[in-house]
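To convert, take the position in the sequence shown, counting from 1, and add 500; that gives the working numbering.
These notes concern the structure reproduced below.
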Amino acid sequence: MKWVKGGVKIYVIVFILLFIFAISAVVLTPFICSGGAPVGPFRGEDCIRFNPNRLKVKKINKRWHIVEGNYDVIDFGPKKI
């Protein structure tokens, strides 16, 4: 009986993995362009250029930010990461 329970667990794990693979294939398919990965920004994408060498972590008004100079790149809120 132990084999049956273990066998059922294996089938469930395989089913879950196949389900995840099927979903990821459907979700990621729109990102394939001419047989390869797309190049450049997506429509509606909000991209901001920054210099990674100038990034700093600062606490501003009790909130943690990643900043480049005076520009706020990301606001992480009050929790320290």
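We put the beta carbon where it would ideally sit given N, CA and C, even for glycine.
Three-state secondary structure assigned by DSSP to residue i
i, result
"Val567", "strand"
"Val557", "strand"
"Phe576", "strand"
Distance CB(residue i)-CB(residue j) smaller than 8 Å
i, j, result
"Phe550", "His565", "no"
"Lys558", "Val567", "yes"
Residue i, buried or exposed, once every other Cβ within 10 Å from all chains shown has been counted against 16
i, result
"Met501", "Its pLDDT being 40, under 50, Met501 is placed unreliably by the model, and nothing is read from it."
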